[in-house]
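With this note's numbering as the guide, the letters of the sequence shown map in order to residues 21 to 719.
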Amino acid sequence: MDQLQTPIEYLKGVGPNRADLLKKELKIFTFQDLLYFFPNRYIDRSRFYKISELPKNNSEVQLKGQITNIETISQKSGRRLVANFSDGENTIELLWFRGYKWIKESLKKNVPYIIFGRINWFKGKPSIPHPEMDLESDFIKKPSQILKPIYPSTENILSKGISQKVIFNLLINLFKVLKSNIGESLPDYLLKKYNFLNKHEAIKNIHFPNNQKTLSIAQERLKFEELFYIQIQLILKNNRRKKKIKGLVFKKVGDGLNSFFKNNLSFELTNAQKKVIKEIRKDLGSGRQMSRLLQGDVGSGKTIVALMSMLIAFDNGYQSCIMAPTEILAQQHFQSISKFLSNLNISVELLTGNSKKSHRNLIDKKLKNGELNILIGTHSIIEEKIIFSNLGLAIIDEQHRFGVAQRAKLWKKNIIPPHVLVMTATPIPRTLAMTLYGDLDVSVINELPPGRKEVKTYHRYDSNRLKVYKFIKEEIKKGAQVYVVYPLIQESEKMDYKDLIDGYESISRYFPPPEFQISVVHGKMKSSDKEYEMKRFAEGKTNIMVATTVIEVGVNVTNASLMIIESSERFGLSQLHQLRGRVGRGNKQSYCILMSDNKLSSDARKRLEVMAQTNNGFKIAETDLNIRGPGNIMGTEQSGLIKLKIADVVNDNLKLKNARDEAIKILKKDSDLLLVENQIIKKTLFTMKTYKNMWNYIS
Ligand code: ADP
Ligand code: MG
């Protein structure tokens, strides 16, 4: 058996308890898992600090010195062990709050120690709680630890005794017992081309780097490898889908599209829209199933592209559907699409969780007998009992709200899977899109319809609220409609509703009827009430719409030109951007005011600054990525593929491009990985868990 598959409990230093912890907390089951448990950063331990020059923050430092005194102190707050540690000139306290009994026994006075830990400043005095202690004599015997790896950890894991040192020692033990080198997983020609370290050396250097340089080249290789295998899998999947799944062929351009174009389209399409429609048409006629992601900033006009695609389906005798994540959004689509199609003989229906039974039955009947051409709705569309007679095109709006599984359900609505168009306004930076959606073809609408003005955006503190109210009043007098949005975070739902209601009351006081009319919409209302309020606002009957984030996606009221976002510091960047996209839809100058508490974290401040600086969704997304890292970008949670171990889509842009290019090149030449030199790729793929999971939703 492959030694690397040995269960972790067979490693020296791992007893049954520790094995349980490693498995449960760190998902380390085998020798191999431990090897692949990579540090997330390194600390330069070439530096020894003097106590007199310790930085005045909580950074991690390394000191050389001796313990001069040890005592256990009992106080009301509990017991602790305190050691005085001297570097020859000054003294600092080392503290232990746990395990002090055996620590006390193991500490030696008046012998040189190398210690490492995080400084804690209290009343101007530094101390180091729970430092790592090494006798200097031991320290120099160990593999060089100039760059000390820091492994992912949590308080919980630490408190159960799995310290950095424990991991480090386990790895030392593991490398001692490895009978052979860790097997290679990249083909020889790639190793040569990029001058990569071999796998064994790379992994060894990730855990025990000799110096910054070898660490970098080790990382280089492992990052490339990680990205490369993601890309290989995505491209294989895409190729396989294209090959395996025959697409419906929509060759005809017929009356539907033509008469819409001639009679119903009141504006000129932007060049970007034209380009995208061309791409879609090509897909639809190709005989292969379309699986395309349409990215376009809020307000860039994705709906019309969706509609024209559906008209192509219509002209070729097929039904189509749009699935939207919320009821309000589905309704909006229904309204605007019905309007666009007025006087054309094309039937459109809306289906949501709130559709009446009788209406639902009618839709069922019309779907089955082919009378219904376009179905718009929420999740209800993918319910099993909804049966189309010939679904040819399925469109999913605001993809990030739907998971892969839901996409898959749509595919099954026709014997030959329908073409799929996924639309998103979440501006995903290209690198991330490549990692996330490498299996989709991507179209981008990168311009807004002409005449749009930037939404002027300002950040104001709560203390300036009255001035903001005054501004609202002036804008309303000029005919503007206003959104006032409150955050709604699930964990603090109750508080949030209270904020909204309080806000609503204070706004009502300041903007009294009959001069001012106010709508309110939030998630706890009955959907018929929501609908009614939205409608009043959309028809211009109310001046102010007080709402939770239910209006976040898609809502289109062109006369609304002022948006106030309350507690804006609590929103993420992409959410702020989406919200702001609700204004600036007409040709009036629009404004967005970000209200916040006077106290702000530095990240929150950065977010609000970016919002004030730019309207460009892609710039905002890049910033978001930089502040928060890819794991938190909206829409990435579901992907499952994005859990990168070592690479990082923000900083490893170039590597990602290389990895993707190589993957494309290899599969172009050797689409089933049959060549001898590519057997290593195939073998590696079969050891990957993601590889098997990936096919599930295709077949
Ligand atoms: P989104 O991409 O956010 O879904 P919509 O499709 O809702 O954007 O379009 C926003 C608004 O812009 C709608 O009122 C739509 O009718 C209008 N619109 C779309 N394309 C154009 C265009 N080429 N010229 C002028 N207005 C357009
Ligand atoms: Mg939209």
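Glycine included, every Cβ here is placed at the ideal spot set by N, Cα and C.
Ranking I584, L664, H227 and H353 by CA distance to the CA of R485 puts I584 first. Distance from N189 to D459 at the Cβ level is roughly 42 Å; contact not present, criterion being Cβ atoms closer than 8 Å.
Pairing F360 with L370 gives a Cβ-Cβ distance that is not under 7 Å. Beta-bridge pairing by DSSP links D417 to M443.
No heavy atom of the ligand MG is found nearer than 6 Å to the CB of K266. Under the three-state reduction of DSSP, I436 is assigned to coil, being neither helix nor strand. For R312 and I407, the gap between their C-alpha atoms comes out near 23 Å. Counting C-beta pairs closer than 8 Å gives fewer than three between the stretch 669-687 and the stretch 167-180, which falls short of the contact rule. Per DSSP, K608 lies in no alpha helix (DSSP H) segment and is marked neither H nor E.
In the three-state reduction of the DSSP assignment, S183 falls in the coil class.
Less than 7 Å divides the Cβ of L508 from the Cβ of T569. Between E29 and L42, the alpha-carbon positions lie close to 9 Å from each other. In this structure, the ligand MG has a non-hydrogen atom nearer than 6 Å to the beta-carbon of K322.
Between the stretch 318-329 and the stretch 396-405 there are fewer than three inter-stretch CB-CB distances shorter than 8 Å, so the stretches are not counted as touching. Annotation for F49: no beta strand (DSSP E) segment contains it, and DSSP assigns it neither H nor E.
Beta-bridge partners assigned by DSSP to I396: I342 and L370. Judged by their CB atoms, F58 and I226 are nearer to each other than the 7 Å cut-off. Here V368 is not near I383, since their CB atoms are 7 Å or more apart. Judged by DSSP in its simplified three-state form, S528 adopts helix. The ligand ADP has no heavy atom closer than 6 Å to the beta-carbon of P345. Put simply, the backbone Cα of S587 is about 11 Å away from that of I613. Around the C-beta of E553, 16 or more other C-beta atoms lie within 10 Å, and the residue is accordingly described as buried.
For A333, the enclosing alpha helix (DSSP H) begins and ends at K322 to D335. When secondary structure is reduced to three states using DSSP, Y552 falls in the helix class.
Here D64 is exposed: its Cβ has fewer than 16 other Cβ atoms, across all protein chains shown, within 10 Å. In the structure shown, the three-state DSSP call for P36 is helix. In the DSSP secondary-structure assignment, S463 is bridged to L314. Contact between Q309 and I265 holds: their C-beta atoms lie close to 5 Å from each other, under 8 Å. The beta-carbon distance between Q82 and F68, rounded to whole angstroms, is 6 Å. This is short enough to meet the 8 Å contact definition. At least one heavy atom of the ligand ADP sits closer than 6 Å to the Cβ of P469.
By alpha-carbon distance to I394, the top candidate from V540, M153, Y338 and K219 is Y338. Not one heavy atom of the ligand ADP falls within 6 Å of the beta-carbon of V603. Taking the Cα positions, S362 is about 8 Å away from N284. With a cutoff of 7 Å on beta-carbon distance, L54 and L194 are scored as near each other. By the C-beta criterion, the stretch 136-143 is judged to be in contact with the stretch 68-80, since at least 3 inter-stretch pairs fall below 8 Å. For N104, the beta-bridge partners assigned by DSSP are N89 and E113.
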